[in-house]
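Undergrad: Residue numbers (my numbering), protein chains in the order written: chain A, 3 to 111; chain B, 560 to 672.
1. Distance check for residue 42(A) and residue 82(A), CA to CA, integer angstroms please.
2. Going by Cα to Cα distance, which pick from 608(B), 600(B) and 624(B) is closest to residue 580(B)?
3. Thinking C-alpha only, which one of 56(A), 36(A), 71(A) and 62(A) is nearest residue 88(A)?
4. Compare the C-beta of residue 668(B) with all C-beta atoms of chain E and state if any pair is closer than 8 Å.
5. Since residue 27(A) contacts residue 92(A) with CB under 8 Å, what's their CB separation in whole angstroms?
6. Residues of chain B with a CB under 9 Å from the CB of residue 89(A): which are they?
7. Would you say residue 671(B) and residue 628(B) are within 8 Å of each other, going by their C-beta atoms?
8. To the nearest angstrom, report how far apart residue 46(A) and residue 666(B) are at their CA atoms.
9. Using Cβ-Cβ distances below 7 Å, what residues of the segment 92 to 110 of chain A are close to chain B?
10. Strictly below 8 Å CB to CB, what residues from chain A border residue 665(B)?
11. Which chain A residues are close to residue 649(B), counting only those with a beta carbon under 7 Å from its beta carbon?
12. Measure the CB-CB distance between residue 640(B) and residue 622(B) and report whether it falls below 8 Å.
13. When you compare each of 637(B), 612(B) and 569(B) to residue 630(B) by their alpha carbons, which one comes out closest?
14. Does the beta-carbon distance from residue 574(B) to residue 637(B) come in below 8 Å?
15. Can you list, in chain order, the residues of its chain with a C-beta nearer than 8 Å to that of residue 34(A)? Leave out the 5 residues immediately preceding and following it.
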């Protein structure tokens with residue numbers, strides 16, 4: 003059965019304290035892995051798309067990496083405005099998009 | 560421009576009402592999606608339109624009826640909803656209905672009384 007999990011469920015960081023969020027997947031063929039940021043009551047905001055193992059993408063304080071079983075979202079020197087829920091989604095070979103449950107990140111000043 | 564717009568932002572309706580949610584994109588995308596998201600849960604796919612044809616219907620109750628009048632517009636018609644249908648309804652679009660990235664709108668917060 004196709005499955006996407008994320009850890010930790012919630013993460014509290016001090017401002018400037020770098021960390022990583024994990025997205026693990028078991029799917030029947032990966033056609034793309036997506037990272038989104040979602041603020042409360044708003045739609046997900048696209049961050050990155052990764053297509054193959056070994057691929058990396060960066061944007062400001064965020065860096066996403068992909069292996070054959072998981073993806074990491076590294077946050078370097080986070081700021082309070084990085085507080086949000088980070089969602090990982092996987093598109094399978096059947097063109098089905100499966101979202102993980104998300105990681106709620108709080109960055110404390 | 561990667562903007563998807565949705566109206567209304569908020570909607571309160573009774574169980575006997577008929578209402579519609581609207582979604583619009585002008586990015587030339589040929590795939591559009593409806594998702595439902597309950598509080599503290601990830602989005603759940605409801606419908607996928609590809610080239611204005613319904614291509615995926617994830618066993619959604621018939622009280623939800625999607626419509627794609629043209630490649631830029633997507634509607635979700637609501638009728639005889641239940642209180643448990645209260646949620647954030649998200650529209651998304653992507654260039655094609657394949658591995659392309661989906662871009663989401665801000666959502667419509669629906670409350671069913």
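Don't be surprised by glycine CBs; every beta carbon is placed ideally from N, CA and C.
TA: Judging by the given coordinates:
1. For the purposes of this step, residue 82(A) is identified with residue 80 of the first chain, where counting begins at 1. For the purposes of this step, residue 42(A) is identified with residue 40 of the first chain, where counting begins at 1. In this structure, the straight-line span from the alpha carbon of residue 82(A) to that of residue 42(A) is close to 15 Å.
2. Translated into the one-based positions of the second chain, residue 580(B) becomes position 21. Nearest to residue 580(B) by C-alpha distance, out of 608(B), 600(B) and 624(B), is 624(B).
3. What you label residue 88(A) is simply residue 86 of the first chain in a count that begins at 1. The option with the nearest alpha carbon to residue 88(A) is 36(A).
4. Here the protein chains are A and B, and chain E is not one of them.
5. Mapped onto the first chain, residue 27(A) falls at position 25. Mapped onto the first chain, residue 92(A) falls at position 90. With a contact defined as Cβ atoms closer than 8 Å, residue 27(A) and residue 92(A) qualify at about 5 Å.
6. If you number the first chain from 1, residue 89(A) lands on position 87. Result: 601 and 602.
7. Against the second chain, residue 671(B) aligns to sequence position 112. Against the second chain, residue 628(B) aligns to sequence position 69. At a Cβ-Cβ threshold of 8 Å, residue 671(B) and residue 628(B) do not count as neighbours.
8. Indexing the first chain from 1 puts residue 46(A) at position 44. Indexing the second chain from 1 puts residue 666(B) at position 107. Between the alpha carbons of residue 46(A) and residue 666(B) lies a gap of roughly 9 Å.
9. Cβ contacts with chain B come from 93, 97, 99, 101, 102, 103 and 104.
10. Looking up residue 665(B) in the second chain gives position 106. Result: 44 and 45.
11. Stepping through the second chain from its first residue, residue 649(B) is reached at position 90. Residues of chain A passing the Cβ test: 45.
12. The residue you call residue 640(B) lines up with position 81 of the second chain. The residue you call residue 622(B) lines up with position 63 of the second chain. Result yes, Cβ atoms of residue 640(B) and residue 622(B) sit closer than 8 Å.
13. As a working note, residue 630(B) is residue 71 in the second chain. Considering only alpha carbons, the answer is 612(B).
14. Within the second chain, the letter at position 15 stands for residue 574(B). Within the second chain, the letter at position 78 stands for residue 637(B). Not closer than 8 Å, so no.
15. Mapped onto the first chain, residue 34(A) falls at position 32. Here the set comprises 51, 52, 53, 92 and 93.
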